[in-house]
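Using the working numbering, the first residue of the sequence shown is number 233, and each one after it goes up by one.
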Amino acid sequence: MAYPPPLPAVAVHALAIGHGERPSPLVEGIEFSVAPGEIFAIIGCSGCGKSTLLRTMVGLLPLLAGTVLLFGKKMVTVDCAGHGALTRNFSVLFQGGALWTDRTLGENVALPLLRRGGFSPKEVRDLVDCKLSLVGLGAYADFYPHEISGGMARRAALARALALDPPLLFLDEPTSGLDPVAARRLDRLVAELCSCQGMAAVVVSHDLAEIGGIVTRAAFLDANSGTMLDIGSPAALARSPHGAVREFFCENHANPQPEETVP
Ligand SMILES: Nc1ncnc2c1ncn2[C@@H]1O[C@H](COP(=O)(O)OP(=O)(O)OP(=O)(O)O)[C@@H](O)[C@H]1O
Ligand SMILES: [Mg+2]
Numbered sequence: 233m234a235y236p237p238p239l240p241a242v243a244v245h246a247l248a249i250g251h252g253e254r255p256s257p258l259v260e261g262i263e264f265s266v267a268p269g270e271i272f273a274i275i276g277c278s279g280c281g282k283s284t285l286l287r288t289m290v291g292l293l294p295l296l297a298g299t300v301l302l303f304g305k306k307m308v309t310v311d312c313a314g315h316g317a318l319t320r321n322f323s324v325l326f327q328g329g330a331l332w333t334d335r336t337l338g339e340n341v342a343l344p345l346l347r348r349g350g351f352s353p354k355e356v357r358d359l360v361d362c363k364l365s366l367v368g369l370g371a372y373a374d375f376y377p378h379e380i381s382g383g384m385a386r387r388a389a390l391a392r393a394l395a396l397d398p399p400l401l402f403l404d405e406p407t408s409g410l411d412p413v414a415a416r417r418l419d420r421l422v423a424e425l426c427s428c429q430g431m432a433a434v435v436v437s438h439d440l441a442e443i444g445g446i447v448t449r450a451a452f453l454d455a456n457s458g459t460m461l462d463i464g465s466p467a468a469l470a471r472s473p474h475g476a477v478r479e480f481f482c483e484n485h486a487n488p489q490p491e492e493t494v495p
């Protein structure tokens with residue numbers, strides 16, 4: 233018996249995004265879908281609306297038109313307070329990936345588990361150990377955020393986002409501000425989670441050089457035209473018929489990352 237194809241993790245149709253106080257959409261006609269196991273990027277210049285799109289997809293901003301389906305279910309907008317109840321089948325690593333500064337890394341990672349409930353204290357401890365070890369921070373459970381580096385803090389935020397084994401992870405500029413080695417480690421970890429566990433990832437970035445090695449496809453948002461100008465593999469986008477997309481790639485490739493020296 234043939235099984236039906238799996239539902240897309242994300243399906244965005246004729247989406248228009250923006251901020252309430254502005255009369256016209258920032259970007260409209262956004263159209264893409266992301267399959268389980270895929271790493272999809274939202275790219276474009278600073279201010280083009282990438283974070284706005286991410287916040288709309290996760291239900292933190294109202295959409296102006298169109299639909300967003302997550303695993304076939306319509307996303308409904310919620311306020312921040314009610315958001316926790318809906319984040320059952322996805323997690324978000326926000327731009328900056330803030331940790332609670334008055335809690336240890338272990339307590340930060342435990343938070344989603346305690347909020348969800350149903351875990352014994354030992355299960356919480358084991359899961360916290362497991363997720364911190366996954367991001368290479370197994371020995372740092374008792375450290376506070378101010379006692380670790382920026383790269384470690386980003387990985388700890390990733391451990392927290394992975395606490396509930398989400399089948400879908402949204403990441404907003406996960407590697408910005410990290411050195412190239414730390415950035416590539418984080419990229420590799422996301423790539424492994426997607427290929428080994430079938431997790432889907434939607435990564436927002438203004439720098440494809442940082443994430444180009446792991447994404448399967450990307451959508452390019454353009455503030456000038458207010459449209460999603462192009463979509464495709466990084467190789468196809470580099471040959472885009474749109475000058476703005478090609479220019480973006482030239483800019484990115486004009487500043488190549490240094491070769492990695494640490495395994
Ligand atoms: N809360 C808000 N209210 C009104 N306008 C906003 C708000 N947040 C962002 N904007 C505007 O929406 C536009 C897109 O912002 P957004 O943060 O989505 O850009 P971005 O592509 O993520 O940029 P960056 O690469 O710098 O993170 C900008 O012009 C910004 O000024
Ligand atoms: Mg942003």
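For every residue, glycine included, the Cβ atom is placed at its ideal position computed from N, Cα and C.
Cβ atoms of GLY269 and ALA432 come within 8 Å of each other, at about 6 Å. Taking ALA476 as reference, the option from PRO238, ILE275, MET307 and PRO237 with the minimal CA-CA separation is ILE275. DSSP places ILE443 in the helix class (H, G or I) of the three-state scheme. DSSP, read as helix, strand or coil, puts VAL300 in strand.
At a Cβ-Cβ threshold of 8 Å, ALA248 and PRO238 do not count as neighbours.
In this chain, the beta strand (DSSP E) harbouring ALA450 covers 449-454.
Under DSSP, the beta-bridge partners assigned to ALA248 are ALA297. Between ARG392 and PRO344, the C-beta gap is smaller than 8 Å, which places the two residues in contact. By the rule of a C-beta closer than 5 Å to any heavy atom of ligand 1, the residues picked out are HIS251, SER278, GLY279, CYS280, GLY281, LYS282, SER283, THR284 and HIS438. Relative to the non-hydrogen atoms of ligand 2, the Cβ of ASP454 never comes closer than 7 Å to any of them.
With 16 or more other CB atoms across the displayed protein chains lying within 10 angstroms of its CB, GLU405 is buried. DSSP, read as helix, strand or coil, puts THR407 in coil.
In the three-state reduction of the DSSP assignment, GLY370 falls in the helix class. Taking 7 Å as the cut-off, one finds at least one heavy atom of ligand 2 near enough to the beta carbon of VAL436. Remark: the C-beta of ASP404 is in contact range of ligand 2, defined as less than 7 Å to any heavy atom.
ALA273 sits close to VAL435, with the two beta carbons spaced by under 8 Å.
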